[in-house]
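**Student:** Chains Y and C supply the protein sequences, listed in that same order. If you're matching positions, the first sequence starts at 1 in this note's numbering and goes up one per residue. If you're matching positions, the second sequence starts at 1001 in this note's numbering and goes up one per residue. Pasting in a structure now, in structure tokens, and then I'll have a few things to ask.
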Amino acid sequence: MRRALFAAFAGCVLLAACEREERETRSLPAEAERQATVTLSELHPGSEPPQVAQASAYEQNAYHLSQGKQLFKWYNCNGCHANGGGDIGPALMDAKWIYGSEPQNIYATIVEGRPNGMPSFRGKIPDYQVWELVAYVRSLSGQGPPAARSGREDALQAKPAEQQMEQITPKNSALPPSTVGTQ
Amino acid sequence: MKRLLLCGLPVLVLPLSVAGCSGIQSALDPAGSQARSILDLFWLITWVCAGVYAAVVLALIIGLVRARRTAEPPNGPLALDPGTERRAGWTVGTAIVLTVAVLFVFTIASFLTDRGIASLGARDDALEIQVTGNQWWWEVLYIGSDPSRNFYTANEIYIPVGRPVRITLKSNDVIHSLWVPNLNGKQDLIPGRENNLHFVADRPGTYRGQCAEFCGLQHARMALTVTAVAPDEFQSWWDAQLKSAPEPMDERTRRGKQIFLSGPCVMCHAINGTTAQGRTAPDLTHVASRATLAAGTLPNTRGHLAGWIVDPQQIKPGNHMTMNLLPPDDLQALLDYLEMLK
Chain Y
1 MRRALFAAFA GCVLLAACER EERETRSLPA EAERQATVTL SELHPGSEPP QVAQASAYEQ
61 NAYHLSQGKQ LFKWYNCNGC HANGGGDIGP ALMDAKWIYG SEPQNIYATI VEGRPNGMPS
121 FRGKIPDYQV WELVAYVRSL SGQGPPAARS GREDALQAKP AEQQMEQITP KNSALPPSTV
181 GTQ
Chain C
1001 MKRLLLCGLP VLVLPLSVAG CSGIQSALDP AGSQARSILD LFWLITWVCA GVYAAVVLAL
1061 IIGLVRARRT AEPPNGPLAL DPGTERRAGW TVGTAIVLTV AVLFVFTIAS FLTDRGIASL
1121 GARDDALEIQ VTGNQWWWEV LYIGSDPSRN FYTANEIYIP VGRPVRITLK SNDVIHSLWV
1181 PNLNGKQDLI PGRENNLHFV ADRPGTYRGQ CAEFCGLQHA RMALTVTAVA PDEFQSWWDA
1241 QLKSAPEPMD ERTRRGKQIF LSGPCVMCHA INGTTAQGRT APDLTHVASR ATLAAGTLPN
1301 TRGHLAGWIV DPQQIKPGNH MTMNLLPPDD LQALLDYLEM LK
């Protein structure tokens, strides 16, 4: 009897771990499609802007992370940022974050665009895919929980898999490069 | 006798039921020489194996009936009788020789079938097509005499009757397999390498193909059609496919085009003659001329197209088309524009 109970308990524990693998192909109700309000200024009243609950759900799910990785190529992010090491666009796998490393910062960067080359994807990429991209971009420098990250590359290995990335502590740079005259 | 009849009945009924297997996706209704030689091999093996099966069952029945008739042997049940020993030796020997002979015939026949199928592709006038597998649709690139005559389409292959077609198979993600049973056997599409498959249709018609290698969530909804038409009709189809998309003439279709080019559609799809040049999703330059949507999932009608644009994840969960919650007016304008792309 005790053994059966233990087996049932172990089964439940194992099942709980399946959240990582859950595939939400149609996760968003219509109202979630609304564009989130995004502030461009670094000045904001009171304390830090609130954390977006959605973002951490995306970072804990292997399906969303791998979708983000695929979209990174399909939407030609790698055209400028290469495989995360940077090219004509800045590197995404280092400690330097010009516009902030928090999920909502990266969301704003993708949706609003940034000076000196980053285009705005507002209206072009649906909200949930932006969050998938945010989760993937953060995983490139080891931000967020490592459990759900990809353990290997699909194609030729250009960099270590995201799961092997040590977390790099972000050094948020306060000023965009345009204001100090460098590019 | 009655029992024999009962045993023989399935053998008689089977070919009759198989005769019902003709249609647009059937290996038993060949429309090309490759499929026909595969079918010949199939019938050879089926009939020989059926014969072997019947012989074995017959021998078993004879053995059972005779064992009941014979009385107890005079020297006890386990005594050796030289006559029986000799006959048993002959029987086993014959069975071994027959087995080897049948396997030999099968091997030679399948080798010759393979050779016959492969030799067809060596012809110089073969039409060149490149098919790339994607989760979960087929990209088709026609390769013309010069690059200006190349064009892309999706989930639909047109071929001229009587002319061999050489298909180069590639994959962008996982292993798929192209199988059009009426025309030829299966061939895998493998990421990072090229495979070849040859078709030649000897009568006009539409044949259905299907992905034959499990490739993920929507493997079952990854179909395509191969349409064989007369050579001059094929030529005019090719010329029509080469044309760019028509310019919208009225306010509504102009609005539709604007929605296409400013919304998420433009990120993945291509329409020749516009700035939309995405290659991660099917080319839509002549989408209205196709018979199906979403790789054979839906018939191509206005209502299905609308449903597909708004909520593709309901129809084909897991596919890579995003949900697009457009306001009704915008959706109707977009549909008007897409229906123009004949």
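By construction, the Cβ of each residue, glycine as well, lies at the ideal position given by its N, Cα and C atoms. These figures come from a predicted structure and were not determined experimentally.
Quick check: the segment 1130-1142 of chain C against the segment 1227-1237 of chain C, are there 3 or more CB pairs under 8 Å?
**Tutor:** No, the segment 1130-1142 of chain C does not touch the segment 1227-1237 of chain C.
**Student:** Got a sec: which bits of the segment 1317-1330 of chain C sit with their beta carbon under 9 Å from any beta carbon on chain Y, in order along the chain?
**Tutor:** Under the 9 Å Cβ criterion, the segment 1317-1330 of chain C contributes Pro1317, Gly1318, Asn1319, His1320, Thr1322, Met1323, Asn1324, Leu1325.
**Student:** List, from N- to C-terminal side, the beta strand (DSSP E) runs of 3 residues or more that fit wholly inside the segment 1190-1266 of chain C.
**Tutor:** Within the segment 1190-1266 of chain C, the complete beta strand (DSSP E) runs of at least 3 residues are 1195-1199, 1205-1211, 1223-1229.
**Student:** Please state whether DSSP places proline 1082 of chain C in a helix, a strand or coil.
**Tutor:** Looking at proline 1082 of chain C - three-state DSSP - the assignment turns out to be helix.
**Student:** Can you check which of these residues, C:Ile1157, C:Thr1206, C:Asn1150, C:Asp1125, is closest to tryptophan 1137 of chain C by C-alpha distance?
**Tutor:** The residue with the shortest Cα to Cα distance from tryptophan 1137 of chain C is C:Ile1157.
**Student:** Is it buried or exposed for valine 1097 of chain C, if we count other Cβ within 10 angstroms and need 16 for buried?
**Tutor:** With fewer than 16 Cβ atoms within 10 Å of its Cβ, valine 1097 of chain C is classed as exposed.
**Student:** Can you tell me the Cα-Cα spacing of serine 139 of chain Y and tryptophan 1237 of chain C, whole angstroms?
**Tutor:** Roughly 48 Å between the two C-alpha positions.
**Student:** State the CB to CB distance for the pair alanine 135 of chain Y and histidine 64 of chain Y, rounded to an integer number of angstroms; the pair is presumed to be in contact (CB under 8 Å).
**Tutor:** That pair is a contact at about 6 Å.
**Student:** Name the two residues that bound the continuous alpha helix (DSSP H) containing serine 1177 of chain C.
**Tutor:** Premise fails: serine 1177 of chain C lies in the beta strand (DSSP E), 1176-1179, not in any alpha helix (DSSP H).
**Student:** Our contact map puts glycine 1032 of chain C next to leucine 1183 of chain C with C-beta atoms below 8 Å; I'd like the distance itself, whole angstroms only.
**Tutor:** That belief holds up - the Cβ atoms of glycine 1032 of chain C and leucine 1183 of chain C are roughly 4 Å apart, short of 8 Å.
**Student:** Kindly list, in the order they appear in chain Y, the residues whose Cβ is closer than 8 Å to that of threonine 1280 of chain C.
**Tutor:** Simply Trp74.
**Student:** Name the two residues that bound the continuous beta strand (DSSP E) containing glutamine 1130 of chain C.
**Tutor:** Its beta strand (DSSP E) spans residues 1127-1134.
**Student:** What would DSSP say about tyrosine 99 of chain Y, mapped onto helix, strand or coil?
**Tutor:** The answer is coil: DSSP assigns tyrosine 99 of chain Y none of H, G, I, E or B.
**Student:** Would you tell me roughly how many angstroms separate the C-alpha atoms of tryptophan 1043 of chain C and arginine 1290 of chain C, rounded to the nearest one?
**Tutor:** Approximately 36 Å between the Cα atoms of the pair.
**Student:** Can you give me, in chain order, the residues of the segment 1255-1267 of chain C that have a beta carbon less than 8 Å from any beta carbon in chain Y?
**Tutor:** Against chain Y - using a Cβ distance shorter than 8 Å - the residues of the segment 1255-1267 of chain C are Ser1262, Gly1263, Pro1264, Val1266, Met1267.
**Student:** In chain order, what residues of the segment 119-132 of chain Y put their CB closer than 7 Å to some CB of chain C?
**Tutor:** Per Cβ criterion, the list reads Gly123, Lys124, Ile125, Pro126, Gln129.
**Student:** Which residue's Cα is closest to the Cα of arginine 1208 of chain C: C:Thr1227, C:Gly1192, C:Leu1217, C:Val1200?
**Tutor:** It is C:Thr1227 whose Cα lies nearest to the Cα of arginine 1208 of chain C.
**Student:** What residues from chain C crowd round proline 25 of chain Y, counting only those whose CB sits closer than 7 Å?
**Tutor:** Proline is not the amino acid found at residue 25 of chain Y; the sequence shown has threonine there. Those within 7 Å of threonine 25 of chain Y in chain C are Gln1313, Pro1317, Gly1318.
**Student:** So if DSSP puts methionine 118 of chain Y in a beta bridge, which residue, or which two residues, is it bridged to?
**Tutor:** The partner list for methionine 118 of chain Y (beta bridge, DSSP) reads Y:Arg114.
**Student:** Near alanine 91 of chain Y, what residues of its chain come up, given a Cβ to Cβ distance below 6 Å and the 5 sequence neighbours on each side ignored?
**Tutor:** Same-chain partners within the cutoff: Gly85.
**Student:** For threonine 1301 of chain C, which option in C:Met1340, C:Asp1329, C:Cys1268 has the closest C-alpha, if you only look at C-alpha atoms?
**Tutor:** Here the closest residue by C-alpha is C:Met1340.
**Student:** Can a CB atom of chain C be found closer than 9 Å to the CB of glutamine 157 of chain Y?
**Tutor:** No, its Cβ sits nowhere closer than 9 Å to a Cβ of chain C.
**Student:** Going by DSSP, what residues sit across from tryptophan 1138 of chain C in a beta bridge?
**Tutor:** Its beta-bridge partners are C:Gly1133.
**Student:** With the cut-off set at 9 Å, would you say proline 1246 of chain C and glycine 1205 of chain C are in Cβ contact?
**Tutor:** No, they are not a contact pair.
**Student:** What would DSSP say about lysine 1277 of chain C, mapped onto helix, strand or coil?
**Tutor:** Lysine is not the amino acid found at residue 1277 of chain C; the sequence shown has glutamine there. DSSP places glutamine 1277 of chain C in strand when its eight states are reduced to three.
**Student:** Excluding sequence positions up to five away, which residues of its chain have a Cβ less than 7 Å from the Cβ of valine 137 of chain Y?
**Tutor:** Excluding residues within five positions, the ones whose Cβ falls inside 7 Å are Leu92, Ile106.
**Student:** I'd like to know whether the C-beta of glutamine 54 of chain Y is nearer than 9 Å to at least one C-beta of chain C.
**Tutor:** False, the Cβ-Cβ gap to chain C never drops below 9 Å.
**Student:** Leucine 1341 of chain C CB to nearest chain Y CB: under 9 Å?
**Tutor:** Output row for leucine 1341 of chain C: interface = no.
**Student:** Do three or more CB pairs link the segment 1324-1336 of chain C to the segment 1256-1264 of chain C at distances below 8 Å?
**Tutor:** Enough Cβ pairs lie closer than 8 Å, so yes.
**Student:** Would you kindly report the start and end of the unbroken alpha helix (DSSP H) that includes alanine 1333 of chain C?
**Tutor:** First-last of the alpha helix (DSSP H) with alanine 1333 of chain C: 1328-1340.
**Student:** Along the beta strand (DSSP E) that carries isoleucine 1167 of chain C, what are the first and last residues, could you check?
**Tutor:** It spans 1165-1171 - the beta strand (DSSP E) in which isoleucine 1167 of chain C sits, taken as one unbroken run.
**Student:** In whole angstroms, give me the CA-to-CA distance for cysteine 1215 of chain C and lysine 1170 of chain C.
**Tutor:** Between cysteine 1215 of chain C and lysine 1170 of chain C, the C-alpha separation is close to 14 Å.
**Student:** How close, in whole Å, do the beta carbons of histidine 1304 of chain C and leucine 1284 of chain C come, if the pair is a contact with beta carbons under 8 Å?
**Tutor:** That belief does not hold up - the Cβ atoms of histidine 1304 of chain C and leucine 1284 of chain C are roughly 15 Å apart, past 8 Å.
**Student:** Keeping to the same chain, check which residues put their C-beta closer than 7 Å to that of glutamine 1106 of chain C; ignore five residues upstream and five downstream.
**Tutor:** The displayed chain sequence assigns phenylalanine, not glutamine, to residue 1106 of chain C. Taken in chain order, the residues that qualify are Ile1045.
**Student:** Just the Cα atoms here: how many angstroms apart are leucine 1118 of chain C and cysteine 1211 of chain C?
**Tutor:** The question names leucine, but residue 1118 of chain C is alanine in the sequence shown. Their Cα atoms are separated by approximately 21 Å.
**Student:** Name the DSSP bridge partner or partners of isoleucine 1143 of chain C?
**Tutor:** Partner(s): C:Glu1128.
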